[in-house]
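Participant: The following block contains the structure, expressed as structure tokens.
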Amino acid sequence: MVVVKEYSTAELNIKPVQAVPFTPEAFAPFGGLISPEHQLTEAQKESASAKNPGTPVKLAKIAPMTNNYAQAKSQKPAVANWNLIRASPPKLTPSTTTKGKSDFQFKILERHPYTTQAFAPMGIDSKLDAYLVIVAPTATDGLPDYNKVAAFVCKGNQAVTYGVNVWHAPIVALGDHDHVDFAVQIYSNGVAEEDVLEVKYNPGITIEL
């Protein structure tokens, strides 16, 4: 991991970002997702559960994984890994702008220059809010456009794939769970500046949810 920039957010005058529900259409500029309730048609759901019980329905290539390490300066090959992340929900504070909502401040955006990264929550009810995804487009200077941060609330049956080189915050667990476990798939070659780049924000950028 290499830190490429640090900001004092007190000097940036960034407005709170409103978190929205996680949908394929809303997240499309930043990567892919797996969301059965959005991606399985009613006919497919019926086929799997009623007409042909025990027969699975497959949707192929809905969130492709990408390895672009052949383009990296070091030319060191990357390997695919499954990692495990356990995230505990942070303490939220009452919103400073909207009654009945809560605030969360994130302090880091990171990106993986040559690989996608996928997070799949494990063991969380599909009806419950499980985690928060925070992303930002890249500005003309190559750093995150902090004025265009987007935040998405994800259910327990939704998985996310960040696109190659997409700025994103570390995963944030939500709800009353003690923790949320994630299976994480990513490529890496062990060269710090080719695996992860970070930008830090102090004291942080506020997400309202």
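Residues 65 to 273 in the working numbering are what the sequence shown lists, from first letter to last.
All residues carry an ideal CB built from backbone N, CA and C; glycine is no exception.
Keep in mind that this is a model prediction, so the values were computed, not measured.
Would you list, in sequence order, the uninterrupted beta strand (DSSP E) runs of no fewer than 3 residues that lie entirely inside the region 132 to 173?
Facilitator: The region 132 to 173 contains these whole beta strand (DSSP E) runs: 143 to 151.
Participant: Are the region 215 to 227 and the region 176 to 185 in contact at 8 Å, needing three or more beta carbon pairs?
Facilitator: Yes, the region 215 to 227 is in contact with the region 176 to 185.
Participant: Using a Cβ-Cβ cutoff of less than 6 Å, which residues in the same chain neighbour residue 71 once the five nearest sequence positions on both sides are dropped?
Facilitator: By one-based count along the sequence shown, residue 71 stands at place 7. Result list for residue 71: 265, in chain order.
Participant: Can you give me the start and stop residues for the alpha helix (DSSP H) that residue 88 sits inside?
Facilitator: In the sequence shown, residue 88 corresponds to position 24, counting from 1. Its alpha helix (DSSP H) spans residues 88 to 91.
Participant: Residue 262 lies in the beta strand (DSSP E); which residues open and close that run?
Facilitator: Within the sequence shown, residue 262 is the residue found at index 198, counting from 1. Note, residue 262: beta strand (DSSP E), 261 to 272.
Participant: Output needed for residue 96: all residues of its chain with C-beta closer than 6 Å, excluding positions within five of it in sequence on either side, in chain order.
Facilitator: For the purposes of this step, residue 96 is taken as residue 32 along the sequence shown, with counting starting at 1. Within the same chain, residue 96 has close Cβ partners 127 and 225.
Participant: If you measure between the beta carbons of residue 69 and residue 207, is that distance less than 7 Å?
Facilitator: Here residue 69 is taken as the residue at index 5 of the sequence shown, counted from 1. Here residue 207 is taken as the residue at index 143 of the sequence shown, counted from 1. Yes, these two residues count as a Cβ contact at 7 Å.
Participant: Excluding the 5 residues preceding and the 5 following residue 159 in the sequence, name in chain order all residues of the same chain whose CB lies nearer than 7 Å to its CB.
Facilitator: Taking the sequence shown and counting its residues from 1, one reaches residue 159 at position 95. Counting only Cβ-Cβ distances below 7 Å, and skipping sequence neighbours, we find 165, 166, 167 and 272.
Participant: Here's the rule I'm using: 16 or more other beta-carbon atoms within 10 Å means buried, otherwise exposed. How should residue 231 be labelled?
Facilitator: On the sequence shown, position 167 is the one that residue 231 refers to. When all chains shown are included, residue 231 counts as buried.
Participant: Quick one: give me the first and last residue of the beta strand (DSSP E) that residue 249 is part of.
Facilitator: Taking the sequence shown and counting its residues from 1, one reaches residue 249 at position 185. Residues 244 to 252.
Participant: Confirm, please, whether the CB-CB distance from residue 222 to residue 86 is below 7 Å.
Facilitator: Working through the sequence shown from its first residue, we reach residue 86 at position 22. Working through the sequence shown from its first residue, we reach residue 222 at position 158. In contact: residue 86 and residue 222 (Cβ atoms closer than 7 Å).
Participant: Along the chain, where does the alpha helix (DSSP H) containing residue 101 start, and where does it finish?
Facilitator: Translated into the one-based positions of the sequence shown, residue 101 becomes position 37. Per DSSP, residue 101 belongs to the alpha helix (DSSP H) from 100 to 103.
Participant: On the premise that residue 219 lies in contact with residue 190, defined as a C-beta separation below 8 Å, what is that separation, rounded to the nearest angstrom?
Facilitator: Along the sequence shown, one-based indexing puts residue 190 at 126. Along the sequence shown, one-based indexing puts residue 219 at 155. Right, their Cβ atoms sit about 6 Å apart.
Participant: Cutting at 8 Å between CB atoms, please list the residues of its own chain near residue 170, excluding the five before and the five after it.
Facilitator: Here the question's residue 170 lines up with position 106 in the sequence shown. Counting only Cβ-Cβ distances below 8 Å, and skipping sequence neighbours, we find 198, 233, 234, 236, 265, 268, 269 and 271.
Participant: How is residue 212 classed by DSSP in three states: helix, strand or coil?
Facilitator: Translated into the one-based positions of the sequence shown, residue 212 becomes position 148. Looking at residue 212 - three-state DSSP - the assignment turns out to be helix.
Participant: If I measure Cβ to Cβ from residue 256 and keep anything under 8 Å in the same chain, skipping five residues before and after, which residues do I get?
Facilitator: In the sequence shown, the residue the question calls residue 256 occupies position 192. Result list for residue 256: 65 and 66, in chain order.
Participant: Quick one: Cα of residue 187 to Cα of residue 244, how far?
Facilitator: Within the sequence shown, the letter at position 123 stands for residue 187. Within the sequence shown, the letter at position 180 stands for residue 244. Looking at the two C-alpha atoms, the distance is approximately 8 Å.
Participant: Decide if residue 75 is buried, meaning its Cβ has at least 16 other Cβ atoms within 10 Å, or exposed.
Facilitator: Within the sequence shown, the letter at position 11 stands for residue 75. Classification of residue 75: exposed, given that the 10 Å Cβ count is below 16.
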